[in-house]
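Below is one structure, written out as structure tokens, with a few remarks after it.
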Amino acid sequence: MKKIIFNVFLLLLVSLSTAAQTVEKRTIINIDDLSDEQLENIPNMISHDGWVLIKYNGENMVLNLSNTDYRLSFSTNCANDERMPFFMIEYSENYRDGDYGGIDFVSSKIDDKEPDFLIDGKSFGNPFHKFENNAFKKFIEALKEAKTFTIAIYDTNSKGKTKLNRSIDFKLANSELLDSFGICP
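Numbering (the numbering used here), first residue to last: 1409 to 1593.
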């Protein structure tokens, strides 16, 4: 009997220790509600499994932080109907020596690179370029149901030929956040 009680006690102790070490990874962060200490700890608070919603000063931004080298900002539902959806990929602080952190790599506003959005291996081209509402809705619906999401980035050389620069993969958990209204610059 003592052995059973000891095993139950040991199991309970291990469970409590494990629970104390687990930090809840959140998918919605309201920056305005965080203390200075929490702001410093934001990378440890945010889910890295897919989409997260950041709220700040009454504005929303959907991010995907699942790739260690890049951050993807996505606005698919603009709060202002006169604005167009946009995306931006920027380097994270983990890229190379860390000096690139926060520098834009490619976006819907920059035309020097050609992104190709691949959902489960199917190319959607660049749905942000020459925006067409129905095609964009199909892209977003496919993205919500997808298992894989890759953005292939192509450069054009001086001879007009395109060459793959890199492909960037992102995880897709929390796809319901793509419906959030957000900032569209």
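Don't be surprised by glycine CBs; every beta carbon is placed ideally from N, CA and C.
Which residues in the same chain have their Cβ closer than 8 Å to the Cβ of F1617, if we skip the five residues on either side of it in sequence?
Residue 1617 is absent from the structure shown; the chain starts at 1409 and stops at 1593.
Which value, in whole angstroms, describes the spacing of the CA atoms of K1433 and D1457?
Computed Cα separation, rounded: 9 Å.
Here's the rule: buried if 16 or more other CB atoms are within 10 angstroms of the residue's CB, otherwise exposed. What is S1366?
In this structure the chain extends from 1409 to 1593, so residue 1366 is not present and cannot be described.
Classify S1547 as helix, strand or coil using the three-state DSSP reduction.
First, the amino acid is wrong: residue 1547 is Phe here, not Ser. The answer is helix: DSSP assigns F1547 an H, G or I state.
Inspect the beta-carbon positions of S1500 and R1479 and report whether they are closer than 8 Å.
In this structure, S1500 lies near R1479, with their beta-carbon atoms less than 8 Å apart.
Find the nearest neighbour of K1552 within the set N1449, N1465, T1484, D1441, judged by alpha-carbon distance.
It is T1484.
Look at the alpha carbon of I1591 and the alpha carbon of E1498, and state the distance between them as a whole number of angstroms.
C-alpha separation (whole angstroms): 17 Å.
Which class does L1585 belong to by DSSP, given the choice of helix, strand or coil?
In the structure shown, L1585 sits in a helix (DSSP, three-state: H, G or I).
Quick check on K1530: does DSSP put it in helix, strand or coil?
Secondary structure of K1530 (DSSP, three-state): strand.
contact_flag[the region 1527–1535, the region 1545–1564] where n(CB pairs < 8 Å) is 3 or more:
Of all C-beta pairs linking the region 1527–1535 to the region 1545–1564, three or more are shorter than 8 Å, placing the two stretches in contact.
Mapping DSSP to helix, strand and coil, what is D1441?
D1441 falls in the helix class under three-state DSSP.
Once DSSP output is grouped into helix, strand and coil, what is the label at K1569?
DSSP places K1569 in coil when its eight states are reduced to three.
Reference D1577; option with closest CA among N1465, M1469, N1449, T1476:
When N1465, M1469, N1449, T1476 are compared, the shortest CA-CA separation from D1577 is found for T1476.
Output yes or no for whether 8 Å exceeds the beta carbon distance between L1461 and N1472.
In terms of Cβ geometry, L1461 and N1472 do not form a close pair [threshold 8 Å].
Determine which residues share a DSSP beta bridge with T1558 and list them.
Paired residues: L1526, D1577.
Cβ-based neighbour list, I1413, same chain, cut-off 7 Å, excluding 5 preceding and 5 following:
At I1413 the pLDDT is 33, less than 50, meaning the model places this residue with poor confidence; the figure from the coordinates comes in the next sentence. The beta carbon of I1413 is closer than 7 Å to none in its chain, skipping five residues each way along the sequence.
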